[in-house]
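Visitor: Protein sequences, first through last, are from chains A and B. Everything in the first sequence is counted per my numbering, starting at 1 for the first residue and increasing by one. Everything in the second sequence is counted per my numbering, starting at 719 for the first residue and increasing by one. The beta-carbon is built from N, C-alpha and C at its ideal position, and this holds for glycine as well. Take this structure first; my questions come after.
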Amino acid sequence: MGYDMPSRRFVLKAGAAAGGGLLLGLHLPSLARATAAPGAMDLAPNAFVRIDTHGTITLILPHTEFGQGIYTSSAMLMGEELDVGLDQIAVETAPPDIKHYIDPILGDEATGGSVSTRADWVRLREAAAVARTLMVAAAAKRWNVDPATCRVERGVIHDATGRSLAYGDVVSDAAQLPVPANVKLKDPSQFKLIGTSAKRIDTPSKVNGTAIYGIDIIVPNMRFGTVAITPVKGGKLASMDEAAARHVPGVQDVIRNDEGDAVAVIGDHMWAAKQGLEALNLKWDAGENGDVTLETIISTMDRASHNKGVVAKKEGDAAAAIRGAATQLSAIYQSPFLSHSPMEPLNCTLHIKPDSAEIWLGTQVPVRAQKAVAKVAGLPQDKVTVHNQLMGGAFGRRLDIDSVEVAASIAKHVSYPVKLVWTREEDLRHDYYRPYYYDRVAAGLDADGKLVGRTHRVTGPSILARWAPPAFKNGLDDDAVLCAAETPYEIPNEYVDYVRDEPRAMNTSWWRGVGPTHNLFVVESFIDELAHAAKQDPVEFRRGMLKTNPRALAVLNLAAEKSDWGSPLPRGTGRGVELQFAFGSYLCCVLEVEVTPPGEISVRRAVVAIDCGMTVNPDTVQAQIQGGLILGLGTAMYNEITLTGGAIDQSNFHDYRAMRINEAPKIEVYQIRNSEKPGGIGETGTAAAAPALGNAIFAATGKRLRRLPFGRGQLSGT
Amino acid sequence: MKVLSINGQSHQVDVPDDMPLLWVLRDVLGMTGTKFGCGIAQCGACTVHLAGQPVRSCLLPVSAIGARQVTTIEAVGQTPNGHKIQQAWLDKEVVQCGYCQSGQIMSATALLNQTPHPTDADIDAAMSGNICRCGTYVRIREAIHAAASV
Numbered sequence: 001m002g003y004d005m006p007s008r009r010f011v012l013k014a015g016a017a018a019g020g021g022l023l024l025g026l027h028l029p030s031l032a033r034a035t036a037a038p039g040a041m042d043l044a045p046n047a048f049v050r051i052d053t054h055g056t057i058t059l060i061l062p063h064t065e066f067g068q069g070i071y072t073s074s075a076m077l078m079g080e081e082l083d084v085g086l087d088q089i090a091v092e093t094a095p096p097d098i099k100h101y102i103d104p105i106l107g108d109e110a111t112g113g114s115v116s117t118r119a120d121w122v123r124l125r126e127a128a129a130v131a132r133t134l135m136v137a138a139a140a141k142r143w144n145v146d147p148a149t150c151r152v153e154r155g156v157i158h159d160a161t162g163r164s165l166a167y168g169d170v171v172s173d174a175a176q177l178p179v180p181a182n183v184k185l186k187d188p189s190q191f192k193l194i195g196t197s198a199k200r201i202d203t204p205s206k207v208n209g210t211a212i213y214g215i216d217i218i219v220p221n222m223r224f225g226t227v228a229i230t231p232v233k234g235g236k237l238a239s240m241d242e243a244a245a246r247h248v249p250g251v252q253d254v255i256r257n258d259e260g261d262a263v264a265v266i267g268d269h270m271w272a273a274k275q276g277l278e279a280l281n282l283k284w285d286a287g288e289n290g291d292v293t294l295e296t297i298i299s300t301m302d303r304a305s306h307n308k309g310v311v312a313k314k315e316g317d318a319a320a321a322i323r324g325a326a327t328q329l330s331a332i333y334q335s336p337f338l339s340h341s342p343m344e345p346l347n348c349t350l351h352i353k354p355d356s357a358e359i360w361l362g363t364q365v366p367v368r369a370q371k372a373v374a375k376v377a378g379l380p381q382d383k384v385t386v387h388n389q390l391m392g393g394a395f396g397r398r399l400d401i402d403s404v405e406v407a408a409s410i411a412k413h414v415s416y417p418v419k420l421v422w423t424r425e426e427d428l429r430h431d432y433y434r435p436y437y438y439d440r441v442a443a444g445l446d447a448d449g450k451l452v453g454r455t456h457r458v459t460g461p462s463i464l465a466r467w468a469p470p471a472f473k474n475g476l477d478d479d480a481v482l483c484a485a486e487t488p489y490e491i492p493n494e495y496v497d498y499v500r501d502e503p504r505a506m507n508t509s510w511w512r513g514v515g516p517t518h519n520l521f522v523v524e525s526f527i528d529e530l531a532h533a534a535k536q537d538p539v540e541f542r543r544g545m546l547k548t549n550p551r552a553l554a555v556l557n558l559a560a561e562k563s564d565w566g567s568p569l570p571r572g573t574g575r576g577v578e579l580q581f582a583f584g585s586y587l588c589c590v591l592e593v594e595v596t597p598p599g600e601i602s603v604r605r606a607v608v609a610i611d612c613g614m615t616v617n618p619d620t621v622q623a624q625i626q627g628g629l630i631l632g633l634g635t636a637m638y639n640e641i642t643l644t645g646g647a648i649d650q651s652n653f654h655d656y657r658a659m660r661i662n663e664a665p666k667i668e669v670y671q672i673r674n675s676e677k678p679g680g681i682g683e684t685g686t687a688a689a690a691p692a693l694g695n696a697i698f699a700a701t702g703k704r705l706r707r708l709p710f711g712r713g714q715l716s717g718t
Numbered sequence: 719m720k721v722l723s724i725n726g727q728s729h730q731v732d733v734p735d736d737m738p739l740l741w742v743l744r745d746v747l748g749m750t751g752t753k754f755g756c757g758i759a760q761c762g763a764c765t766v767h768l769a770g771q772p773v774r775s776c777l778l779p780v781s782a783i784g785a786r787q788v789t790t791i792e793a794v795g796q797t798p799n800g801h802k803i804q805q806a807w808l809d810k811e812v813v814q815c816g817y818c819q820s821g822q823i824m825s826a827t828a829l830l831n832q833t834p835h836p837t838d839a840d841i842d843a844a845m846s847g848n849i850c851r852c853g854t855y856v857r858i859r860e861a862i863h864a865a866a867s868v
């Protein structure tokens, strides 16, 4: 596999940093290569652990870091079973090698879907336990004692008589021993590292400017380029003024790709490239999508939503139950196209040579990136070396490799290494957007206000069918109905189906919170509508359907208690609740919201109760919920991507607004700790935001908003 | 040739007058701690100090700098408040993806330089030009208060 192992190497050194913290040095490839070549005497019993004769412990992490803290959490899993501290390890990102680093849940070498800890909870601990077992066995053999009489502390093996050997001392002996097929993992009661709020290993380099993201890569003789891609999907370049661009000081090359849908200007620096690109005065042929607007997409979806869908859930006879109900409700909910807009714009540094290629970028899918370059450059896959970097956010954007394909289609025309950086405008206008979804829901209440049946039809595109075709079975997209088909509630009659409708002119993909972010908005808003129709308190109404779901009930009760649910609030202010079982975790969010007379929404307080089972790092759990909620709230208030003439209307943070610190609420996170298996956490907060916010807006104003975003003038005059 | 004074060192650069400082730092001098986020002074990722004041380097032409001192994330830790802020960021575990944090730390340090004991309203005013898509605002606020109390 063409991968330069040491290129993503962190080396941790204890105690040297001012203030006594860890010093995390990020070594550039050229530096690391000289110091970290794997040796023949190293112990490397599996793809995840390597220990050399100096005792340097290197962990190879199968999941990539874009802020979620997975480098630290994965290292904690392994450090626990190795009996070493986080200050004693170095970590590397796994190379593209699907055989060894496939995510067993996603079925690809990929990071996403809040699955990493669930995927690694056992396999990384086992990988580390194997290494520990071998080293203890080697030491025990040398001392001629029973391995069971030995213990390990911070990488030093001790026997009952007080003798000790460091891991580095026994590595070469251990490497000769047969790798055990089965190892015993620690009982959770023995955990020293797992369950603690250990400091993140990537933080020190991120506060002093030394962390290297994909966009920061500098390689010798590299030039800088920026791209323009057809503004309308399927469009082609009609004309450009190449001479004008070449006249800009510092411009070296103007490259139009073979497909005719992208142009790059390459120069001595980004400024020359940017100025050159502007000078090109690009004209595009829109092609067949030039008439598409958001309105045409929505009306197509509305028509499709009348078709019978593929059944995702059928329990009893929902239609009959609703027909016979004392109170009947139905509604349409709409969720907009969304851009990911991570802070680090798309970028890719490439050096494509006749017989091989190297790329440097931050990607959630290293194997797909490798394949993409190989295909575009006409090279065998193993001739493409991928240097995967830290990502400045992703939110799902870097699960796709469209930008890598574009970059390769440019870079294959030049002989030198080139860093291609998307401007914010190009990034935002060529996203693979969170799909527009159009949901029809209906339900019935009996005379006592009890929910007797519900139907839910999800209409929208299938990301699964594009991204993982084998997972798209019988026309059903499981992700598109996630948290719609299954709810935490006991409901006697349910019918949920899915209508696939692919929008023209738009590429769609995963966005933080995936299916749950969209469906929880619909389901939890509608549950709230039903509670009010039943003249019941929304928390009480939910409680009534949770008699057989103690974990869901517990988070609901905890959030209600901590948020002072039911206590009086000033006029214009309201509380909203939402409850979810998503990504294997239970979460309840209560928001306190004020809506001021011009229709401005202000979130005053957020209370979240979470039960994600066994917890690797509680501080990371809290951080993910805080941050995820803020992303979700800002998005629910402000964000929608619209189209005119087939092209995206928004372009930058002035018209695709992000929540800012002055708008961010106080967020309290309460964690229920237990010994249940770990649930995912990275997307739960984002998924909670819109339903809790919509329900709080209703409580504050009496207005039920069924179309996101909420701040699109829908509240003016309230 | 222009001479720029950055982090106490003088650098000769041969670049166009209208070239923003951001690209001089990143692409000419190889100082990549200062980040590109939006290019239109909306996100604050590119914040540096110019004569002690926080400025958006993505829109600051090099010709406008003159002899004034530029301080970037690479050196702000050598100032008392810069060091306090960085330490508070570590203590409060503020960072997630980290990409915006260079700019956040530059803005926060400038705030402490100006206002040693900022209120929440002071923090809002000084920090609302810095976007964090990971949503680390709750901890940024805590960390600034913590740094101010050292």
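1) Going by beta-carbon coordinates alone, are A/Gly316 and A/Pro204 separated by less than 8 Å?
2) Determine, for A/Met270, whether the minimum Cβ-Cβ distance to residues of chain B falls below 8 Å.
3) Can you list, in chain order, the residues of the region 406-424 of chain A whose Cβ is nearer than 9 Å to any Cβ on chain B?
4) Report yes if the CB atom of B/Asp842 is closer than 8 Å to the CB atom of A/Ile661, and no otherwise.
5) Tell me the DSSP bridge mates of A/Glu388?
6) Who are the Cβ neighbours of B/Ile849 in its own chain at under 6 Å, not counting the five residues just before and after it?
7) State whether the region 668-686 of chain A contacts the region 602-610 of chain A, with contact taken as three or more CB pairs (one from each stretch) at a distance under 8 Å.
8) Flag A/Gly112 as yes if its beta-carbon sits less than 8 Å from any beta-carbon of chain B, otherwise no.
9) Quick one: list the residues of chain B neighbouring A/Arg707, beta-carbon separation under 7 Å, in chain order.
10) Counting C-beta neighbours from all protein chains within 10 Å, is the total for B/Gln804 16 or more, i.e. buried, or is it exposed?
11) Three-state secondary structure (DSSP) at A/Trp284?
12) Taking CB distances under 8 Å as the criterion, tell me whether B/Gly770 reaches chain A.
13) Helix, strand or coil, according to DSSP, for A/Arg551 in the structure here?
14) Return the chain-ordered list of same chain residues with a C-beta closer than 7 Å to the C-beta of A/Ala465, the five sequence neighbours on each side being excluded.
15) B/Ile841 versus chain A: which residues are under 9 Å apart at the beta carbon?
16) Which of the three DSSP states is assigned to A/Gly574 in this structure?
17) Under 8 Å, Cβ to Cβ, is there at least one residue of chain B near A/Gly21?
18) For the region 134-147 of chain A against the region 106-119 of chain A, are there 3 or more C-beta pairs whose distance is under 8 Å?
19) Quick one: list the residues of chain B neighbouring A/Met391, beta-carbon separation under 7 Å, in chain order.
20) Which of helix, strand or coil does DSSP assign to A/His413?
21) Would you tell me roughly how many angstroms separate the C-alpha atoms of A/Asp253 and A/Ala407, rounded to the nearest one?
22) Based on Cα-Cα distance, which residue from A/Ser716, A/Asp501 and A/Cys588 lies nearest to A/Thr733?
23) Kindly indicate which three-state DSSP category A/Asp649 falls into: helix, strand or coil?
24) Where do the N-terminal and C-terminal ends of the beta strand (DSSP E) with A/Asp497 fall, by residue?
25) Could you compute how far the alpha carbon of A/Glu126 sits from the alpha carbon of A/Leu134?
26) Would you mind giving the Cβ-Cβ distance between B/Thr752 and B/Ser775, rounded to the nearest angstrom? I have them listed as a contact below 8 Å.
27) If you drop the 5 nearest sequence neighbours on each side, which residues of the same chain put their C-beta closer than 7 Å to that of A/Ile487?
28) Drop a sphere of 10 angstroms on the beta-carbon of A/Asn281, count the other beta-carbons inside from all chains shown, and report buried for 16 or more, exposed for fewer.
29) Check each candidate in A/Asp649, A/Arg673, A/Pro516 and A/Glu640 and name the one with the smallest Cα separation from A/Thr711.
30) Would you say the region 563-570 of chain A touches the region 541-550 of chain A, given that touching needs at least three Cβ pairs under 8 Å?
31) Would you kindly work out how many angstroms separate the C-alpha atoms of A/Arg50 and A/Ile157, rounded to a whole number?
32) Using a Cβ-Cβ cutoff of 7 Å, what residues of the region 120-135 of chain A are near chain B? List them in chain order.
33) Residues in the region 193-214 of chain A with C-beta within 9 Å of chain B's C-beta atoms, listed in sequence order?
34) Tell me whether A/Lys236 sits in a helix, a strand or coil according to DSSP, three-state version.
35) Could you check which residue in A/Arg504, A/Val373, A/Thr517 and A/Glu529 has the C-alpha nearest to that of A/Gly725?
36) Taking Cβ to Cβ, would you say A/Gly515 is nearer than 8 Å to A/Ala552?
Guide: From the atom records:
1) In the first sequence, counting from the first residue as 1, residue 316 of chain A sits at position 316. In the first sequence, counting from the first residue as 1, residue 204 of chain A sits at position 204. Going by C-beta atoms, A/Gly316 is not nearer than 8 Å to A/Pro204.
2) Working through the first sequence from its first residue, we reach residue 270 of chain A at position 270. It does; some Cβ of chain B falls within 8 Å.
3) Of all residues in the region 406-424 of chain A, those with a C-beta nearer than 9 Å to a C-beta of chain B are Lys419, Val421, Thr423 and Arg424, reading in chain order.
4) Indexing the second sequence from 1 puts residue 842 of chain B at position 124. Indexing the first sequence from 1 puts residue 661 of chain A at position 661. With contacts defined by Cβ atoms closer than 8 Å, B/Asp842 and A/Ile661 form a contacting pair.
5) The residue given as residue 388 of chain A occupies position 388 in the first sequence. Checking the sequence shown, residue 388 of chain A turns out to be Asn, not Glu. In the DSSP secondary-structure assignment, A/Asn388 is bridged to A/Leu361.
6) For the purposes of this step, residue 849 of chain B is taken as residue 131 along the second sequence, with counting starting at 1. Answer for B/Ile849: Cys761, listed in chain order.
7) The region 668-686 of chain A, when compared against the region 602-610 of chain A, does touch it at the 8 Å Cβ threshold.
8) As a working mapping, residue 112 of chain A is identified with position 112 in the first sequence. Taking CB atoms only, A/Gly112 has no neighbour in chain B less than 8 Å away.
9) Counted from its first residue, the first sequence places residue 707 of chain A at position 707. Against A/Arg707, chain B offers no close residue; the least beta-carbon distance is about 23 Å (beta-carbon pairs closer than 7 Å).
10) Here residue 804 of chain B corresponds to residue number 86 of the second sequence, with the count starting at 1. Buried, by the Cβ-count rule.
11) Locating residue 284 of chain A in the first sequence gives position 284, where the first residue counts as 1. Reduced to three states, the DSSP call for A/Trp284 is strand.
12) Against the second sequence, residue 770 of chain B aligns to sequence position 52. Taking Cβ atoms only, chain A never reaches closer than 8 Å to B/Gly770, which makes this a no.
13) As a working mapping, residue 551 of chain A is identified with position 551 in the first sequence. In the structure shown, the three-state DSSP call for A/Arg551 is helix.
14) Locating residue 465 of chain A in the first sequence gives position 465, counting from the first residue. The beta carbon of A/Ala465 lies closer than 7 Å to those of Phe472 and Asp477 in the same chain, with the five residues before and after it left out.
15) Working through the second sequence from its first residue, we reach residue 841 of chain B at position 123. Ordered by position in chain A, the residues that pass the 9 Å Cβ test against B/Ile841 are Ile661 and Asn662.
16) Here residue 574 of chain A refers to the residue found at position 574 when the first sequence is read from its first residue. When secondary structure is reduced to three states using DSSP, A/Gly574 falls in the strand class.
17) Along the first sequence, read from residue 1 onward, the residue named residue 21 of chain A stands at position 21. Since pLDDT at A/Gly21 reaches only 25, below the 50 mark, its modelled position is unreliable, and the value read off the structure follows with that caveat. It does: the Cβ of A/Gly21 has a partner Cβ on chain B nearer than 8 Å.
18) No, they do not touch.
19) For this step, residue 391 of chain A is matched to residue 391 along the first sequence. What A/Met391 touches in chain B: Cys815.
20) Position 413 of the first sequence, counted from the first residue, corresponds to residue 413 of chain A. In this structure, A/His413 counts as coil in the three-state DSSP scheme.
21) As a working note, residue 253 of chain A is residue 253 in the first sequence. As a working note, residue 407 of chain A is residue 407 in the first sequence. Rounded to whole angstroms, A/Asp253 to A/Ala407 spans 14 Å at the Cα level.
22) Residue numbering for chain A in the displayed model covers 1 to 718; residue 733 of chain A lies beyond these limits and cannot be assessed.
23) Taking the first sequence and counting its residues from 1, one reaches residue 649 of chain A at position 649. For A/Asp649, the secondary structure class from DSSP, reduced to helix, strand or coil, is coil.
24) Residue numbering aside, residue 497 of chain A sits at position 497 when the first sequence is read from its first letter. Start and end: Glu494 to Arg500.
25) Counting from 1 along the first sequence, the entry for residue 126 of chain A is found at position 126. Counting from 1 along the first sequence, the entry for residue 134 of chain A is found at position 134. Between the C-alpha atoms of A/Glu126 and A/Leu134 there is a straight-line separation of about 12 Å.
26) Along the second sequence, one-based indexing puts residue 752 of chain B at 34. Along the second sequence, one-based indexing puts residue 775 of chain B at 57. Confirmed, about 6 Å.
27) In the first sequence, the residue the question calls residue 487 of chain A occupies position 487. Note that residue 487 of chain A is Thr in the sequence shown here, rather than Ile. Cβ within range, chain order: Val523.
28) Taking the first sequence and counting its residues from 1, the one referred to as residue 281 of chain A is at position 281. Counting C-beta atoms within 10 angstroms of its own C-beta, A/Asn281 has fewer than 16 neighbours from the protein chains shown and is therefore classed as exposed.
29) Indexing the first sequence from 1 puts residue 711 of chain A at position 711. Residue identity differs from the one stated: residue 711 of chain A is Gly in this sequence, not Thr. Checking every option, the nearest Cα to that of A/Gly711 belongs to A/Glu640.
30) Three or more Cβ pairs closer than 8 Å define a contact, and the region 563-570 of chain A falls short of that threshold against the region 541-550 of chain A.
31) The residue given as residue 50 of chain A occupies position 50 in the first sequence. The residue given as residue 157 of chain A occupies position 157 in the first sequence. Rounded to whole angstroms, A/Arg50 and A/Ile157 show a C-alpha spacing of 17 Å.
32) Look at the region 120-135 of chain A: it has no residue with a C-beta under 7 Å from a C-beta of chain B.
33) Hits within the stretch, in order: Ser197, Lys199, Arg200, Asp202, Thr203, Pro204, Ser205, Lys206, Val207, Asn208, Gly209, Thr210, Ala211, Ile212 and Tyr213.
34) Numbered from 1 along the first sequence, position 236 holds the residue referred to as residue 236 of chain A. Strand.
35) Not covered by the structure: residue 725 of chain A. The range shown for chain A is 1 to 718.
36) Along the first sequence, read from residue 1 onward, the residue named residue 515 of chain A stands at position 515. Along the first sequence, read from residue 1 onward, the residue named residue 552 of chain A stands at position 552. Contact check for A/Gly515 against A/Ala552 fails: the beta carbons are separated by 8 Å or more.
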